[in-house]
Structure formats: C-alpha cells, structure tokens
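**Student:**
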Amino acid sequence: MDQASVEEVLATRTEESMSRAPDAQKPTIDAKAKTALKSLITKKGWLGDYDYVFLFKPNLPFMKKDPRPRPFYGLNDDMPILLGLLLGLQHALAMLAGIVTPPILMSGVTGVNLGTADTQYLVSTALIVTAILSTVQITRIKIPMSSYYLGTGLLSVVGTSFDTIPVASGVFDQMYKTGYCKTDASGNRLPCPKGYGALLGTTMVTALLEMLISFVPPKYLRKVFPPLVTGPTVMLIGVALVQSGFQSWAGGAGPCMSHPASGPFQLCPSVSAPHPLPWGSAEFIGLGFSAFITIILCERFGSPMMRSCSIVLGLLVGSIIAAATGYFSAAGIDAAPAVSFIWVKTYPLSVYGPAVLPCLALYVVILMEAIGDITATCDVSKLAVSGKGFDSRVQGGVLADGLNGLLAGLCTITPMSVFAQNNGVIALTNCANRTAGYFACFWLLIFGIFAKIAAALVSIPDPVLGGVTTFLFASVAVSGIRVVSTIEFTPRNRFILACSLAPGLGAILVPNWFSFFFTYQGGGAKGGLLSAVQVVMETGFAVTGFVAVILNLVIPEDKPDESGVAHKEHAMGLPKTVKAS
C-alpha cells in the first residue's frame, strides 16, 4: 500500500473512530481550550515552520529559485494561525470572481433585470451563503444509524454554479416570450422578481434528484457518467458562457448591442452612464484587454499568492484604469448599505413548469462536475482516488452538493456546487488542511456582510468584467477538454463524441434552432411540457449530455485487437499497414 493510501485509511479510520467513541474517549472541552490557548500564545502556534517568503516571492527571470521543499499540511495536521489566515484569504480571493459573476449576470439585462440594489444584495448573499455551505462540505457529518456521510471532509469549497447561467438564460427568455415576465413598449425587459423566485423554487425541488442519486453505488455512477459523458458536457458549458463574456467585453450584453439609432440604449451600457460609447468601441475592448493581460502577467511573473489571486488582480487593475479614465461610477457604492445579510430581500418562490426538465439536467451536470472535482481534490491532497474511503467522500460530496442546492434556494441564491479552481491553490501551496478551508469561509463571510464590497464589485464596468469572465469561462471549457483527453480515442469513442457534440454546438451557434419545431400555441400542462422540451433542446450542454449518456449505454465497446500495436495504430487513425516509429 502506497503512502497516499495509508494516509487515506488513517484519516477515514480516525473520523469513524471519533464518531463511535464514547464521551470519555473524545477530546474534552478543556483539552480543546488548552490546545487553542497554546496556539494563541506561542510562536509555533502562530507561525509554524512554513516558508512565508515563498508565498510572496515573484517569479522574475533574474531571481534564483529556492530548491528547498515546502512542508505539506495534510488533511487534519495542526495549522499555524497566521498561515491559516493567509491561505484562507488566498482561497477566498481565488473564488471571489467565480462566486459573484453568476448573480451579476442573472440579475442584469441578460436575466430578469432586477436592478442595482437587488444585484448588490445577491452578490453579498452569494458570498455569505458560500461561506456557510462550504463548511458543510469541509466538515463531513456522519448520518446517524447509517454508513453515509454529508460532505467530503476535504478542503472542498463551494460557490455559485456557472452551469446555472445557460439554463437560466433559456428559462428567462421563455418567461419573457410567453408573458410570464413583462417587457416595455420597446421590448426591453422589465424587472421580474417573480421570475427569479420561480427559478429558485424550481431548482430547490429538482435538487432532490442529486440527493437521491448520491445514494446510488459509485460503480453505477461511474458507468453512467464516465469521462466520455462528463467531458464534452463541461466543455460546452464553458463554450456557451464565453459568448456572454465576450459580449460584456465589447460593452455589455444588453439592448445596446444592436446599435439602436435612438433611445436610452443608443450607447452602452446606457446614455446615462458616466462615459457611454457605442457597443464594440476600441475603448471598451481596451479596458477588457487591460484586465485580461494582467491575468497573463500574474501567471508569468507573479508570486504564488499573486498567481492564485490573478482574477481579482485583473479586476482591480481594470477598475483602476476605468476609474482614471472616467468609466467608473461610485454612486452605487455610496448608496449601498454598510452591512447586509440573507433575507434582506426576498422573492416569491414557485415552480415554473418549463424549467423543471432543464433544471433536472442541470443537477445531473452538477453531479458529474462534483465527482470530477472531488477526485481532483483527493489527488492534490495526496489521498487515494479509489477504494471505500474515496467512494465515501464522493457519496458525501454529492449529497452535500444536492442539499446545498436546496439550501441556497432558501437563501435566495441559485444552486451552489463544488469549486474546482481551489485545487490549483492546494497544489501550489502544498496545503490540503481543512483549517485553511474554514479560514476561507471566514473571509468570505466578512466580504459578504460588508455590503460596500459587493457594491464595488457590481460597479465594475462591463468591459472589465468581460475581460475577466471570458478567461474564467474559457477555463471551464478547458476543464472539459482535460476530461476528454483522459479517454482513449477509439472509433467508438470518437463516434459518440461527434454525435453528442453536433447538436450541442449547433444549439450554441444557432440558439433559436428549435423555436419553431412545435406549432401548438395553447397553454396548460401540454404547453408547459413543450416549452420545457424547447428549453432543453436549445441548451447546448443539456443536449450533449443526454445524447452522450444514451449512446454510451447502447453502443457496445470495441472488441480488443489481439495485436496491441495494430490496435494502437488504428486508434490513432493510422493505417494498420504502417509501422509505428
């Protein structure tokens, strides 16, 4: 048994023995208090033996790299307080842009147009709810009288799922098209709180699907959702999202994109903005590029702390340039309250029939991503990625993912899911300790409660936000490509990939391709069902996911070629008569 497997077994046994131990064997409150006090009053408790210079040392060409290995902080090792605060802040900053982007997009003109005050509230609430629900994943709670767990027990953090954006976009389009949400005389979307509440209510109900699937034995989950299914699905989510990022980069995703000859949206984001310009202006594209190039420079020359916070630094640099050149308005920040919390604003919950099928597909995708993210977290945490302990963490993580989706809806936020970008922070800092995760939750809670921070994020000009989110969304697509790269490119797998990607890519490139398929004009249950089918068929990743699952189950595996070399050459697309060099 290798070292990683030994550590996994020991960690699992420790958790199980603690849950079964009588009160006399568990650490007493006095013992815990003494340990905490010792950490607070000793140098080792505050600093430990970590190389703090490493975190802030830039990667410049003329600087000599330190060859000394950094200490590895395992799952349950003692963590110095200062290091926990620093690494927790690093994780929180790495998550920040990903957490706030979905509520900004869904509450703006591309969603239900809730208004600036609601957007600020949703951004604050997203940060607070992320902090609370991340503790569920990190803590790992054993379900009484069963062998099941809630949570992974890893440094697994959660955030607002990007997968919701394309689903919500299609659902909101349907709401405005059918009159469920209203538009003005010019066709511009009016605020529709009941539409957002309907989305929340629908995601809460459909979250039960992922919770039920979490109790399915892992071997069956792996059979139905192999990389051949999850890879192209995740990739198309990123591809679909890049479109909205690019639209914001050029000035905004609102009515100003069509260059109207008159009206409030003749310029972007509107004629009343501090420095309005036509959509696609060179100044807008330059602002987005300033944020984008900052991310590249941080990756090339930045310290480990800068590299993991490059998204936030890109937003900061772009915002400074925008403020210096007159594109930034502080009115929203000044008007925002000093503090905020959950349920300061509420929305009428309901279930929107046409959104049920798309949201069920959404949770299947969230499930697939959760399995991949938990596997990656175990890998960078130097824990086994197979065996009973690993399967238990996957089960607990998927169950917590579904529960978090339900709880997020109750807290007025769209579904939360496991975040993948923090795996890079773990690998970079050599710290897989849960204490760092708890400190990250602390920082996110602070960011969310102080509403001025959320107001500042909402006030960032669209081109700056677009330059950053385009990179974020492309990273999602790259994650899907990485998953696809793990499969063997046999003729069968190539066929399934081509068949599943064809309708998905088509739905992204031609969004209204299925809008005229049904001729039924009535309402009721039949109209709701047909609308649901239309939303699914016009959501690229949902179509791809469904087709890939079906084909993977019905198309038999390729028969192995007895001549290994010939089979390998054939899989690579080479003629069997050509010898490999």
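Following our numbering, the numbering of the sequence shown begins with 27 at its first residue and continues without gaps. Cβ coordinates follow ideal geometry from the N, Cα and C atoms, glycine included.
1. In terms of residues, what are the limits of the beta strand (DSSP E) holding Thr186?
2. Specify the secondary structure class of Leu109 as computed by DSSP and reduced to three states.
3. Quick one: what's got a C-beta closer than 6 Å to Ser329's C-beta in the same chain, skipping five residues either side?
4. Between Leu577 and Phe445, what straight-line distance do the alpha-carbon atoms span, to the nearest angstrom?
5. Just mark Gly289 as buried or exposed, buried being the case when its beta carbon has 16 or more other beta carbons within 10 Å.
6. If you draw a straight line from the C-alpha of Ala299 to the C-alpha of Phe291, how long is it?
7. May I ask you to verify whether the region 498-514 touches the region 375-393, counting CB pairs closer than 8 Å and requiring at least 3?
8. Helix or strand or just coil, what does DSSP make of Ser150?
9. Where does Val494 fall in DSSP's three states?
10. How would you label Leu73, buried or exposed, when you count the other beta carbons within 10 angstroms and need 16 or more for buried?
11. Check each candidate in Ser412, Glu395 and Leu470 and name the one with the smallest Cα separation from Val609.
12. Would you kindly check if the distance between the Cβ of Pro281 and the Cβ of Leu293 is under 8 Å?
13. Report all residues from its chain with a CB closer than 6 Å to the CB of Asp49; omit the five preceding and five following residues, and keep chain order.
14. Restricting to Cα atoms, I'd like to know which of Tyr147, Arg166 and Tyr222 is closest to Thr190.
15. Within 10 Å of its beta-carbon, does Gly205 have 16 or more other beta-carbons around it, so buried, or fewer, so exposed?
16. Using CA atoms only, rank isn't needed, just tell me which of Phe544, Thr232, Phe315 and Asp210 is closest to Ala381.
17. What does the alpha-carbon distance come out to for the pair Ser307 and Gly450?
18. Measuring CA to CA, which of Gly474, Thr127, Ala211 and Ala348 is closest to Trp369?
19. Report the three-state DSSP secondary structure of Leu176 (helix, strand or coil).
20. Kindly indicate which three-state DSSP category Ile167 falls into: helix, strand or coil?
21. Measure the C-alpha to C-alpha separation of Phe499 and Ile337 and round it to an integer number of angstroms.
22. What does DSSP give as the partner residue(s) for Tyr99 in the beta ladder?
23. Here's the rule: buried if 16 or more other CB atoms are within 10 angstroms of the residue's CB, otherwise exposed. What is His117?
24. Excluding the 5 residues preceding and the 5 following Phe544 in the sequence, name in chain order all residues of the same chain whose CB lies nearer than 6 Å to its CB.
25. Tell me which residues share the same chain as Val614 and place their Cβ nearer than 7 Å to its Cβ, disregarding the 5 neighbours each side in the sequence.
26. Under 8 Å by Cβ, that's how I've got Pro529 and Val580 pegged, so tell me the actual separation to the nearest angstrom.
27. In angstroms, rounded to a whole number, what distance separates the CA positions of Ala47 and Ser418?
28. Relative to the C-alpha of Leu226, which candidate in Asp199, Gly257, Ala194 and Arg215 has its C-alpha closest?
29. With distances taken Cα to Cα, identify the nearest neighbour of Leu119 among Leu386, Lys371, Cys335 and Met563.
30. If you check the beta carbons only, do Ala453 and Gly110 fall under 8 Å apart?
31. Is Ile175 buried or exposed, if buried means 16 or more other CB atoms sit within 10 Å of its CB?
32. Locate the beta strand (DSSP E) running through Ser443, then write down its first and last residues.
33. Out of Gln560, Leu523 and Pro517, point me to the one whose CA is closest to Pro610's CA.
34. I'd like to know whether the C-beta atoms of Ile397 and Phe251 end up nearer to each other than 8 Å.
35. Taking 7 Å as the line, does the beta carbon of Ser296 fall inside it for any heavy atom of the ligand SAM?
36. Pick helix, strand or coil for Phe416, following the three-state DSSP scheme.
**Tutor:** According to the data block:
1. Working through the sequence shown from its first residue, we reach residue 186 at position 160. Secondary structure note for Thr186: its beta strand (DSSP E) is the uninterrupted segment Val184 to Thr186.
2. Position 83 of the sequence shown, counted from the first residue, corresponds to residue 109. Three-state result, Leu109: helix.
3. On the sequence shown, residue 329 is found 303 positions in, with the first residue counted as 1. Excluding residues within five positions, the ones whose Cβ falls inside 6 Å are Phe82, Lys83 and Pro84.
4. The sequence position of residue 577 within the sequence shown is 551, counting from 1. The sequence position of residue 445 within the sequence shown is 419, counting from 1. Leu577 and Phe445 have their C-alpha atoms roughly 29 Å apart.
5. Taking the sequence shown and counting its residues from 1, one reaches residue 289 at position 263. Answer is exposed; the Cβ neighbour count stays below 16.
6. Against the sequence shown, residue 299 aligns to sequence position 273. Against the sequence shown, residue 291 aligns to sequence position 265. The straight-line gap from Cα to Cα measures roughly 10 Å.
7. Result no; under three Cβ-Cβ pairs closer than 8 Å.
8. Locating residue 150 in the sequence shown gives position 124, counting from the first residue. Residue state, collapsed to three classes: helix.
9. Here residue 494 refers to the residue found at position 468 when the sequence shown is read from its first residue. In the structure shown, Val494 sits in a helix (DSSP, three-state: H, G or I).
10. Counting from 1 along the sequence shown, the entry for residue 73 is found at position 47. By the 10 Å Cβ count, Leu73 comes out exposed.
11. As shown, the chain starts at 27 and ends at 607. That puts residue 609 outside it, with no answer to give.
12. Position 267 of the sequence shown, counting from 1, holds the residue named residue 293. Position 255 of the sequence shown, counting from 1, holds the residue named residue 281. At a Cβ-Cβ threshold of 8 Å, Leu293 and Pro281 do not count as neighbours.
13. The sequence position of residue 49 within the sequence shown is 23, counting from 1. Confidence at Asp49 is low in this model, with a pLDDT of 42, below 50, so its placement is unreliable and the value that follows should be read with caution. Correct list: empty, nothing qualifies.
14. Numbered from its first residue, the sequence shown carries residue 190 at position 164. For Thr190, the closest alpha carbon among the candidates Tyr147, Arg166 and Tyr222 is that of Tyr222.
15. Taking the first residue of the sequence shown as position 1, residue 205 is located at position 179. Exposed: under 16 other Cβ atoms inside 10 Å.
16. To locate residue 381, count along the sequence shown from 1; it is residue 355. Closest option to Ala381, Cα to Cα, is Thr232.
17. Your numbering for residue 307 matches position 281 in the sequence shown. Your numbering for residue 450 matches position 424 in the sequence shown. Spanning the alpha carbons of Ser307 and Gly450 requires a straight line of approximately 35 Å.
18. Within the sequence shown, the letter at position 343 stands for residue 369. Distance check between Trp369 and each of Gly474, Thr127, Ala211 and Ala348 places Gly474 closest, using alpha-carbon atoms only.
19. Within the sequence shown, the letter at position 150 stands for residue 176. It is a strand residue.
20. Taking the first residue of the sequence shown as position 1, residue 167 is located at position 141. Under the three-state reduction of DSSP, Ile167 is assigned to strand.
21. Here residue 499 is taken as the residue at index 473 of the sequence shown, counted from 1. Here residue 337 is taken as the residue at index 311 of the sequence shown, counted from 1. If you take the alpha carbons of Phe499 and Ile337, they lie about 12 Å apart.
22. Looking up residue 99 in the sequence shown gives position 73. Residue pairing of Tyr99 in beta bridges, as defined by DSSP: Cys457.
23. Sequence index remark: in the sequence shown, residue 117 carries index 91 (1-based). So His117 ends up on the buried side.
24. Against the sequence shown, residue 544 aligns to sequence position 518. Here the set comprises Leu556.
25. Given that the chain is displayed from residue 27 to residue 607, the structure contains no residue 614 and the question cannot be resolved.
26. Taking the sequence shown and counting its residues from 1, one reaches residue 529 at position 503. Taking the sequence shown and counting its residues from 1, one reaches residue 580 at position 554. Not really, about 17 Å apart at Cβ, beyond 8 Å.
27. Stepping through the sequence shown from its first residue, residue 47 is reached at position 21. Stepping through the sequence shown from its first residue, residue 418 is reached at position 392. Unreliable placement is indicated for Ala47, whose pLDDT of 43 sits below 50; the coordinate value is still reported in the next sentence. Straight across, the Cα-Cα distance linking Ala47 with Ser418 is about 20 Å.
28. Within the sequence shown, numbered from 1, the residue matching residue 226 stands at position 200. Distance from the Cα of Leu226 is smallest, within the candidate group Asp199, Gly257, Ala194 and Arg215, for Ala194.
29. The residue you call residue 119 lines up with position 93 of the sequence shown. Ranking the options by Cα distance to Leu119, first place goes to Cys335.
30. Start at 1 with the first residue of the sequence shown, and residue 453 comes out as number 427. Start at 1 with the first residue of the sequence shown, and residue 110 comes out as number 84. Not closer than 8 Å, so no.
31. Here residue 175 corresponds to residue number 149 of the sequence shown, with the count starting at 1. With the sequence shown as reference, residue 175 is identified as Tyr, and Ile is not the correct amino acid for it. Classification of Tyr175: buried, given that the 10 Å Cβ count is 16 or more.
32. Here residue 443 is taken as the residue at index 417 of the sequence shown, counted from 1. Run containing Ser443: Met442 to Val444, per the beta strand (DSSP E) assignment.
33. Here the chain has residues from 27 to 607 only, and residue 610 is not among them.
34. As a working note, residue 397 is residue 371 in the sequence shown. As a working note, residue 251 is residue 225 in the sequence shown. Phe251 sits close to Ile397, with the two beta carbons spaced by under 8 Å.
35. Among the components of this structure there are no ligands whatsoever, and the ligand SAM is therefore not found.
36. By 1-based counting over the sequence shown, the position of residue 416 is 390. Looking at Phe416 - three-state DSSP - the assignment turns out to be helix.
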